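Numbering (the numbering used here), first residue to last: 2 to 161. Virtual Cβ for every residue (Gly too), placed ideally from N, Cα, C. These numbers were taken from a predicted model, which means no experiment stands behind them. Please read the structure below before turning to the comments.
Encoded structure:
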């Protein structure tokens, strides 16, 4: 896992109202961020019940304390190689509207604080699928972190 230190701001005074916390996650070697306020739970690998006739990115569902949660395979959604049988992905449970979704990811990083003013728009050179699921990106110490838009992911899964 790499270090996720944000690039230092040139401003010596930052307004705390512009600071937002993000949970860093990793999918296919890329760093993504999810606003912490959208995260309900972080779970180790869970047995997933399949849902007949669902699209490939909908892995199935899990039972989380009596609540049925739709599981979205982020590798398939982002058009990456699928998880192997040996891999045990992590579950990031997020909520959109009244529905809960579990995002299957390779690894969970740490919570980092970033100034929202430092978020840059998605470059035109990234994959269109990634661009449509992201709200922009942050330049971290040695990498870029794309911010996932939970509403777009949830809406996309419902349409699929």
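Mapping DSSP to helix, strand and coil, what is residue i?
| i | result |
| --- | --- |
| residue 90 | coil |
| residue 154 | helix |
| residue 40 | strand |
| residue 11 | Annotation note: pLDDT 44 at residue 11 (below 50); position unreliable, coordinate value reported separately. Three-state DSSP puts residue 11 in coil, outside helix and strand. |
| residue 28 | strand |
| residue 2 | Note that residue 2 has pLDDT 49, beneath the 50 cutoff, so the model's placement of it is unreliable and the number below is only indicative. In this structure, residue 2 counts as coil in the three-state DSSP scheme. |
| residue 123 | coil |
Need the endpoints of the alpha helix (DSSP H) that residue i sits in, please.
| i | result |
| --- | --- |
| residue 133 | 129–133 |
Cβ of residue i less than 8 Å from any chain C Cβ?
| i | result |
| --- | --- |
| residue 99 | Included in the structure is just one protein chain, with no chain C present. |
May I have the straight-line CA-CA distance separating residue i from residue j, to the nearest angstrom?
| i | j | result |
| --- | --- | --- |
| residue 87 | residue 93 | 19 Å |
| residue 115 | residue 123 | 17 Å |
| residue 12 | residue 20 | In this prediction, residue 12 scores a pLDDT of 46, lower than 50, which makes its location untrustworthy; the coordinate-derived value is nonetheless stated afterwards. Roughly 14 Å between the two C-alpha positions. |
| residue 58 | residue 119 | 31 Å |
| residue 144 | residue 100 | 32 Å |
| residue 1 | residue 117 | Residue 1 is absent from the structure shown; the chain starts at 2 and stops at 161. |
| residue 52 | residue 62 | 7 Å |
| residue 40 | residue 95 | 5 Å |
| residue 23 | residue 146 | 10 Å |
| residue 55 | residue 142 | 39 Å |
| residue 44 | residue 91 | 6 Å |
Residue range of the beta strand (DSSP E) that residue i falls in?
| i | result |
| --- | --- |
| residue 149 | 145–149 |
Check whether the Cβ atoms of residue i and residue j lie closer than 8 Å to each other.
| i | j | result |
| --- | --- | --- |
| residue 28 | residue 107 | yes |
| residue 77 | residue 104 | no |
| residue 121 | residue 137 | yes |
| residue 97 | residue 26 | no |
| residue 149 | residue 69 | no |
| residue 131 | residue 79 | yes |
| residue 102 | residue 71 | yes |
| residue 154 | residue 134 | yes |
Could I get the ranges of all uninterrupted beta strand (DSSP E) runs contained in the segment 59–113, with 3 residues as the minimum, in chain order? 59–65, 68–74, 91–97 and 100–106
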